[in-house]
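Chemist: Residue numbers (the working numbering), protein chains in the order written: chain A, 3 to 315; chain B, 282 to 458. Even glycine gets a Cβ: it sits at the ideal position worked out from N, Cα and C. I'd like to ask you about the structure that follows.
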Amino acid sequence: MKEELIVSGRNIPGVDPHLTLWHWQIPLYLFLGGLAAGLIFFSSLYVIMGKEDKAPTAVKWASFITPIALVIGLAALFLDLRHKLFFWRLYTTIRLESPMSWGAWALLIITPLSFVWSASYLRELVPSWDWKFKWLNDFEAWVIKNRRPFAWLMIVLAVILGIYTGILLSAFNARPLWNTSILGPLFLTSGLSTGAATIMWMSKDHEEKKLFGRIDLLLITIEVFFIIHMFMGFLASSAVQIEAAKLFLGGPFTVPFWTFVMILGLLLPAFLEILEWKGYRIPAAVPAFLVLFGGLMFRLIMVEAGQITRYLY
Amino acid sequence: MRYAMAVDTKKCVGCSDCVVACQTENNVPLGYARDWIVENVAGTYPKVEMEIRSERCNHCENAPCVRCCPTGASHIVEGGIVLVTPEECIGCGACMEACPYDARYPHPDGFVDKCTFCIHRVEKGEDPACVEVCPTHCLYFGDLDDPNSDVSKVVAERKWKVLAPEAGTKPQIFYLI
Chain A
3 MKEELIVSGR NIPGVDPHLT LWHWQIPLYL FLGGLAAGLI FFSSLYVIMG KEDKAPTAVK
63 WASFITPIAL VIGLAALFLD LRHKLFFWRL YTTIRLESPM SWGAWALLII TPLSFVWSAS
123 YLRELVPSWD WKFKWLNDFE AWVIKNRRPF AWLMIVLAVI LGIYTGILLS AFNARPLWNT
183 SILGPLFLTS GLSTGAATIM WMSKDHEEKK LFGRIDLLLI TIEVFFIIHM FMGFLASSAV
243 QIEAAKLFLG GPFTVPFWTF VMILGLLLPA FLEILEWKGY RIPAAVPAFL VLFGGLMFRL
303 IMVEAGQITR YLY
Chain B
282 MRYAMAVDTK KCVGCSDCVV ACQTENNVPL GYARDWIVEN VAGTYPKVEM EIRSERCNHC
342 ENAPCVRCCP TGASHIVEGG IVLVTPEECI GCGACMEACP YDARYPHPDG FVDKCTFCIH
402 RVEKGEDPAC VEVCPTHCLY FGDLDDPNSD VSKVVAERKW KVLAPEAGTK PQIFYLI
């Protein structure tokens, strides 16, 4: 038998008996940040390739979701802070060692740019739209003229934003479930997948729907591979990471993870997308909703479970 | 200069005097603690062993809390003491997620708080409050770079361990075993 107890009566909210410091705010942000990254990525990708007409939803309409997602995500991040009035301290320094620092800076750049990106398509959504001020109209014209370099900038920022949501967690060596470098690519893939699913859902163009269904299917396949790879890595690692993996392989997170994330969030939508490929009529909303739901559940579960895992001594 | 502490697990009786002294000295809010007592019981009767440890921030040389702090509020001062500047702390909790020892806590006023090695006392040449009050004298504090300090002597003479060395944090609290 081995038992370790704090006997001096420590019962700190959010810390004891195990860390429950981060609630829904951080996972919600990780989800919305990933979604925004996915939407920006595909939007810029089709502009860079010069195939705007092939993916009108991805390039134009879906990009209107991006600033909304980012603003809600930022609000969630702000709600998570306990010393809220000091949030501006994030922007008095750049700390390259801290993923949260450069993530905050990336958000500061990408959020206004996503507004500019969407606004430059507003005239196509509302043809009678006028910016009222001449300088705004001039700025719009300048943005439209320089769409390609702008897209290059946005695609780089999208990858940083998407991968950051995973690196934020993987940088914590104290939480063995998070402390794996595959989390960056895994969260990026998952974010791109939620982006592709949203475009598929919104699109009215049959060809585009099909295209993004296939893209999403590919991304889900990569994601499943990454998740299997992550567990293989844990099980071949040190005791603390084996313990972390056990939370999902028989432990308390087994049912929520395998039901909500793996089956409902990944395998079922993949199956529906394959059926659709084979010619069956599947409403795009169903797999798209499942992918989005699975993406959110994945982040909620990873954040909560990660805080339980720790070094044992 | 490298401040460090040694905790004699053979002498500690787990009275929690260090905990109360710290709470009083540092105005720690009710229900919170910068140091705490851990009882580790291992084995099966009649072969049972108990280790009692007075734990606190390890003032790690490779401090993950300092590394991940987005504002620089968590920092290391001369002598290797890890501190938090409340006016720079945004309360994001990254440092608490990063600490393998769960040694930090969210202060009810919003910022993150932790053991300071009683730097305000140490600067005056006094021992930290916990060391000062320990009735069994099981806590040793001092400068590891000074071979004549209490902590250097006891660390040189006795067998010791640190907590979770595999976390790579290079903790500076030595548990004499």
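1) Are the C-beta atoms of A:S103 and some chain B residue less than 8 Å apart?
2) On the three-state DSSP scale, how would you describe A:E6?
3) Can you pull the chain A neighbours of B:V322, defined as C-beta to C-beta under 9 Å?
4) I want to see whether chain A comes within less than 8 Å of B:E413, judged by CB atoms only; does it?
5) Along the chain, where does the beta strand (DSSP E) containing A:T311 start, and where does it finish?
6) Per DSSP, B:T325 is paired with what?
7) Which of the three DSSP states is assigned to A:P178 in this structure?
8) Going by C-alpha distance, which of A:G308, A:F214, A:F228, A:F250 is nearest A:I276?
9) Name the chain B residues whose beta carbon is nearer than 7 Å to that of A:T95?
10) Excluding sequence positions up to five away, which residues of its chain have a Cβ less than 7 Å from the Cβ of A:E278?
11) Going along chain B in order, which residues have a C-beta closer than 7 Å to the C-beta of A:E99?
12) Is the Cβ of B:E447 closer than 8 Å to any Cβ of chain A?
13) Which runs of the alpha helix (DSSP H) at least 4 residues long sit entirely within the region 70-157 of chain A? Give them in chain order.
14) Keeping to the same chain, check which residues put their C-beta closer than 6 Å to that of B:A344; ignore five residues upstream and five downstream.
15) With a threshold of 8 Å between beta-carbons, can B:I371 be considered close to chain A, or not?
16) For a cutoff of 8 Å on Cβ pairs, would you count B:D408 as touching chain A?
17) Please report the distance separating the alpha-carbon of A:P254 from that of A:G11.
18) Since B:D408 contacts B:M282 with CB under 8 Å, what's their CB separation in whole angstroms?
19) Does DSSP put B:D298 in a helix, a strand or coil?
20) At which residues does the alpha helix (DSSP H) containing A:F236 begin and terminate?
21) With three or more beta-carbon pairs closer than 8 Å as the criterion, would you say the region 302-313 of chain B touches the region 383-398 of chain B?
22) If I measure Cβ to Cβ from A:W203 and keep anything under 6 Å in the same chain, skipping five residues before and after, which residues do I get?
23) So, with DSSP's three-state summary, where would you put B:K434?
24) What span of residues does the alpha helix (DSSP H) with A:L188 cover, start to end?
25) Out of A:G168, A:V17, A:F174, state which residue places its alpha-carbon closest to the alpha-carbon of B:A448.
26) Answer with yes or no whether the minimum CB distance from B:W441 to chain A is below 8 Å.
27) At a Cβ cut of 7 Å, what residues of the region 326-343 of chain B count as close to chain A, listed as they run along the chain?
28) Measuring only between beta-carbons, confirm whether B:E404 sits less than 8 Å from chain A.
29) On the premise that A:F236 lies in contact with A:I244, defined as a C-beta separation below 8 Å, what is that separation, rounded to the nearest angstrom?
30) Residues of chain A with a CB under 9 Å from the CB of B:V300: which are they?
Modeler: Well, looking at it:
1) Position 101 of the first sequence, counted from the start, is the residue given in the question as residue 103 of chain A. Output row for A:S103: interface = yes.
2) In the first sequence, residue 6 of chain A corresponds to position 4, counting from 1. When secondary structure is reduced to three states using DSSP, A:E6 falls in the strand class.
3) Working through the second sequence from its first residue, we reach residue 322 of chain B at position 41. Per Cβ cutoff of 9 Å: M3, K4, E5, E6, L7.
4) Counting from 1 along the second sequence, the entry for residue 413 of chain B is found at position 132. No, because no Cβ of chain A sits closer than 8 Å to the Cβ of B:E413.
5) Within the first sequence, residue 311 of chain A is the residue found at index 309, counting from 1. Premise fails: A:T311 is in no beta strand (DSSP E) and is neither H nor E.
6) Along the second sequence, one-based indexing puts residue 325 of chain B at 44. Per DSSP, the beta bridge partners of B:T325 are B:K328.
7) To locate residue 178 of chain A, count along the first sequence from 1; it is residue 176. The DSSP-derived three-state label of A:P178 is coil.
8) Translated into the one-based positions of the first sequence, residue 276 of chain A becomes position 274. When only C-alpha atoms are compared, the closest one is A:F214.
9) As a working note, residue 95 of chain A is residue 93 in the first sequence. Within 7 Å Cβ-Cβ: T352, G353.
10) Position 276 of the first sequence, counted from the start, is the residue given in the question as residue 278 of chain A. Here A:E278 has G215, I284 as same chain residues with Cβ atoms under 7 Å from its own Cβ, once five neighbours each way along the sequence are excluded.
11) Numbered from its first residue, the first sequence carries residue 99 of chain A at position 97. Per Cβ cutoff of 7 Å: R348.
12) As a working mapping, residue 447 of chain B is identified with position 166 in the second sequence. At least one C-beta of chain A is nearer than 8 Å to the C-beta of B:E447.
13) Taking only runs of at least 4 residues, the alpha helix (DSSP H) segments lying wholly in the region 70-157 of chain A are 101-121, 124-127, 136-147.
14) Counting from one through the second sequence, the residue named residue 344 of chain B turns up at place 63. Excluding residues within five positions, the ones whose Cβ falls inside 6 Å are V363.
15) The residue you call residue 371 of chain B lines up with position 90 of the second sequence. Judged by the 8 Å Cβ criterion, B:I371 is in contact with chain A.
16) What you label residue 408 of chain B is simply residue 127 of the second sequence in a count that begins at 1. So, not an interface residue.
17) In the first sequence, counting from the first residue as 1, residue 254 of chain A sits at position 252. In the first sequence, counting from the first residue as 1, residue 11 of chain A sits at position 9. The straight-line gap separating the alpha-carbon atoms of A:P254 and A:G11 is approximately 27 Å.
18) In the second sequence, the residue the question calls residue 408 of chain B occupies position 127. In the second sequence, the residue the question calls residue 282 of chain B occupies position 1. Incorrect: roughly 16 Å between the Cβ atoms, too far for contact.
19) Residue mapping note: residue 298 of chain B aligns to position 17 of the second sequence, counting from 1. In the structure shown, B:D298 sits in a helix (DSSP, three-state: H, G or I).
20) For the purposes of this step, residue 236 of chain A is taken as the residue at position 234 of the first sequence. A:F236 -> alpha helix (DSSP H) spans 208-237.
21) Counting Cβ pairs under 8 Å, three or more are found: they touch.
22) One-based indexing of the first sequence puts residue 203 of chain A at position 201. Same-chain partners within the cutoff: A286, A287, A290.
23) For the purposes of this step, residue 434 of chain B is taken as the residue at position 153 of the second sequence. The three-state reading of DSSP puts B:K434 in helix, counting H, G and I together.
24) Within the first sequence, numbered from 1, the residue matching residue 188 of chain A stands at position 186. A:L188 -> alpha helix (DSSP H) spans 185-204.
25) Within the second sequence, the letter at position 167 stands for residue 448 of chain B. Across the set A:G168, A:V17, A:F174, the C-alpha of A:F174 shows the shortest separation from the C-alpha of B:A448.
26) Stepping through the second sequence from its first residue, residue 441 of chain B is reached at position 160. Under the 8 Å criterion on CB atoms, B:W441 is classed as non-interfacial with respect to chain A.
27) For the region 326-343 of chain B, which is checked against every Cβ of chain A, not one residue is closer than 7 Å.
28) Position 123 of the second sequence, counted from the start, is the residue given in the question as residue 404 of chain B. Cβ-Cβ to chain A under 8 Å: no for B:E404.
29) Residue 244 of chain A sits at position 242 when you count from the first residue of the first sequence. Residue 236 of chain A sits at position 234 when you count from the first residue of the first sequence. Going by Cβ atoms, the distance from A:I244 to A:F236 rounds to 6 Å, so yes, they are a contact pair.
30) Reading the second sequence from its first residue, position 19 is the one you call residue 300 of chain B. Within 9 Å Cβ-Cβ: S10, G11, R12.
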